[in-house]
Amino acid sequence: MSQQDRLRIMAFAGICQAVHQVREIARHGQSDTDMLKGSVQSILVTDPQSPEEVFADSDLSEGYQVIVDQLGDSQRKDVDLTRYLVGVLALERKLAKKPAAMNTLAERLTQVKRQTAHFDVTDEQVLSNLASVYSDVISPLGARIQVVGTPMQLQQTQNQYKIRTLLLAAVRAAVLWRQLGGKRRHLVLSRKAVVQTAAQAIKN
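Residues 897 to 1100, numbered by our numbering, are exactly what the sequence shown covers, in order.
Right, here's the structure in full:
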């Protein structure tokens, strides 16, 4: 596979890693601190010099593993993850067609970036603001992504902040994936090569 293909799969792993965390928080109320931090950080890289810079703070191993599980011959396919992925890609398409929404998104993220001079990126205040960005700018663009899980976990305010923030991170990764030439047909027509590249990335 070419370097462009590898970068595209890296971006798709970013989407997968974010929705994987959505599933874990919704079901169990848990998310790996470093993984969460990497996903949040990726949202705030709005003017990268290279695609790799978006995920400079992320270990995308779990995202690559989701690719292997979901697209490969594994028995570990998860219908909720598939639904989240489809929903995120649909929202990104809507976003791409709405320049006004893109401008609003950029403005709101600039405000949050200023905030991170005073707070850690996983501070509740930052997560609350990023969750609002998702609710105000992204969610109204298309069909709402229905997150399923344990009612006790879904009712907790902090988990709601994290889930919306992670959906925003997934959309951010989807924007990069599309910029790198990503199309849904690649996931079908080149499925075997995508899975092999993801499996190799896990080993590395």
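Note that the Cβ used here is the ideal one computed from N, Cα and C, for glycine as well.
Residue i in three-state terms, based on DSSP
i	result
glycine 1077	coil
isoleucine 1041	coil
arginine 979	helix
arginine 972	coil
serine 957	helix
proline 944	coil
methionine 1048	helix
lysine 1058	helix
alanine 952	coil
lysine 994	coil
Contact under 8 Å by Cβ, residue i with residue j
i	j	result
valine 962	histidine 916	yes
aspartate 974	arginine 919	yes
isoleucine 921	asparagine 1055	yes
alanine 1002	threonine 929	no
tyrosine 960	alanine 1094	yes
aspartate 931	glutamine 913	Here the sequence assigns methionine to residue 931, which means aspartate is not the residue at that position. Taking 8 Å as the Cβ cut-off, methionine 931 and glutamine 913 qualify as a contacting pair.
Limits of the unbroken alpha helix (DSSP H) element including residue i
i	result
threonine 1093	1087-1099
alanine 1013	It is not in any alpha helix (DSSP H) - alanine 1013 carries neither H nor E in the DSSP assignment.
serine 1028	1020-1029
glycine 914	Correcting the residue identity first, residue 914 is alanine in this sequence and not glycine. Here the alpha helix (DSSP H) through alanine 914 covers 899-924.
valine 936	929-939
Minimum Cβ-Cβ distance from residue i to chain D less than 8 Å
i	result
aspartate 955	The displayed structure is made up of one protein chain only, and chain D is not part of it.
Cβ pair count under 8 Å reaching 3, the segment 925-936 against the segment 1057-1073: yes
Contact the segment 897-915 vs the segment 1016-1034: 3+ CB pairs below 8 Å: no
Segment contact flag, the segment 1036-1043 with the segment 999-1013, C-beta cutoff 8 Å, min 3 pairs: no
Inter-stretch contact (C-beta, 8 Å, three-pair minimum) for the segment 1063-1078 and the segment 982-989: yes
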